[in-house]
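Numbering (my numbering), first residue to last: 323 to 733.
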């Protein structure tokens, strides 16, 4: 790269040699530690003691914003615009409407998916704004390294958000059956062990993904070359991310195996596909540098479609579905009310109230006596409770959409 203006070369060669400075053909003056622009209006002055005056750093935003920065700006704006919606859904679905909280269904369990998604909003906005400086900087510096660290964090946080959404769906299906029949499940069976191990497995591989792809010396990205960032360490980290993604798929199967839900909410497969695109993009950039977001000269369309669009897509799907869904507690209360009404109907249909009044003269039954259609006898309290338990179990097997009477519940 040649300098866009006349190179300023009027320096004391002795001072340059003493402090290791060298003037390059791209118009930069550097000693490996400090770098200054030295062309056109940029004219650093080096004193005899090595102090630099009027120096402009090499990562000065010299160029105008280009397509890479424009796409990043769109990502940042959309992330900020959707952030209040995610916070609204956090408040909507993270509020308790019951008088008790069972230890197996903590309120925090509903909120984690939104905590992670809000973090995705913040990371996407920061990465989007940083991509502007990648376009504008004369020599890539802290903007590129900071962008790399922030953008790499988006994948593990997106995985965590989709995981918590999927895990919570399974927990909610368990809660619906538990509320209908508290003695349905044991606490020491294989099902409980599976529910204990699944989050451990996911977060183990999620942490390994974060450790290998995010926690690294990003300054080497500009000191060496792009191949540093797609080395074997990066490939191993992405492989662990793939295992974490498969763990989400396994969680869906576990929920179907133990709770047999009527249908899978649309948001889960939609977000599952979105995060799959991010995993595939991370794998693809490991073998093709021209689509890597860490390459300042990467194909903008590839970065936008594979790196940015899936993130916005996940935000939109989760928020739209959450907007139309009811709070978990309200669903439970509604189903409880439906069970109570159904239980009352069962009792009224099966219990015969015999309050016969016989006249003192003729022995006939008076008109206000309830005439049963079944053999007349009084049912015991144990029989009434048996009717109620049978109805509770049958109600617990109802289609969730039919139980709520609202097709939007399956979003």
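All residues carry an ideal CB built from backbone N, CA and C; glycine is no exception.
Taking one beta carbon from each stretch, the segment 450–468 and the segment 422–437 have fewer than 3 pairs nearer than 8 Å; the two do not touch.
In the DSSP annotation of this structure, the continuous segment of the beta strand (DSSP E) that includes residue 359 starts and ends at 357–359. Taking all protein chains in view, the Cβ of residue 485 is crowded by 16 or more other Cβ atoms within 10 Å, so the residue is classified as buried.
Every alpha helix (DSSP H) stretch that sits fully inside the segment 426–507 and reaches 4 residues is listed by chain position as 430–458, 464–502.
Separation of residue 366 and residue 544 (C-alpha to C-alpha, rounded to the nearest whole angstrom) is 23 Å. By DSSP's assignment, residue 350 forms a beta bridge with 359.
For residue 554, the uninterrupted alpha helix (DSSP H) segment begins and ends at 554–581.
Annotation for residue 370: 337 place their beta carbon closer than 7 Å to its own, counting only its chain and skipping 5 residues before and after. With a cutoff of 7 Å on beta-carbon distance, residue 584 and residue 527 are scored as not near each other.
By the neighbour-count criterion, in which 16 or more other beta carbons inside 10 Å mark a residue as buried, residue 327 falls on the exposed side. With 16 or more neighbouring CB atoms inside 10 Å of its own CB, residue 481 falls in the buried class.
Inclusion of residue 493 and residue 557 in the CB contact set at 7 Å is not warranted, their separation being larger than that value.
Looking at 540, 378, 460, the one whose alpha-carbon comes closest to that of residue 385 is 460. Looking at the DSSP output, residue 375 bridges to 367. DSSP, reduced to helix, strand and coil, places residue 647 outside both helices and strands of the structure shown, so it counts as coil. Residue state for residue 654 is assigned as helix, using DSSP reduced to three classes. DSSP, read as helix, strand or coil, puts residue 610 in coil.
Here residue 415 is not near residue 428, since their CB atoms are 7 Å or more apart. Counting along the chain, the unbroken alpha helix (DSSP H) around residue 415 starts and ends at 389–415. Annotated three-state conformation of residue 326 is coil, per DSSP.
With fewer than 16 other CB atoms across the displayed protein chains lying within 10 angstroms of its CB, residue 515 is exposed. Relative to the Cα of residue 329, the nearest Cα in the group 350, 490, 388 belongs to 350. For residue 495 against residue 658, the beta-carbon gap comes to about 16 Å, at or over 8 Å, which does not count as contact. If you draw a 10 Å sphere on the C-beta of residue 588, you find fewer than 16 other C-beta atoms in it, and that means exposed. Cα atoms of residue 617 and residue 476: separation of roughly 17 Å, rounded to the nearest angstrom. In the DSSP assignment, the residues bridged to residue 383 are 459. For the options 392, 522, 406, 409, the alpha carbon positioned closest to that of residue 458 is the one of 392.
Listed in chain order, the non-local C-beta contacts of residue 443 below 8 Å within the same chain comprise 401, 402, 404, 405, 408, 637, local neighbours out to five positions each way being set aside. For residue 529, the enclosing alpha helix (DSSP H) has its first and last residue at 512–535. In this structure, 332 is the residue among 332, 437, 430 with its C-alpha nearest to the C-alpha of residue 364. The residue among 453, 341, 654, 395 with its C-alpha nearest the C-alpha of residue 383 is 453.
At a Cβ-Cβ threshold of 7 Å, residue 573 and residue 498 do not count as neighbours. In the three-state scheme derived from DSSP, where H, G and I count as helix and E and B as strand, residue 586 is classed as coil.
In this model, residue 605 and residue 353 are separated by some 36 Å (Cα to Cα).
Beta-bridge partners of residue 345 (DSSP): 351.
Distance from the Cα of residue 434 is smallest, within the candidate group 373, 412, 575, 447, for 412.
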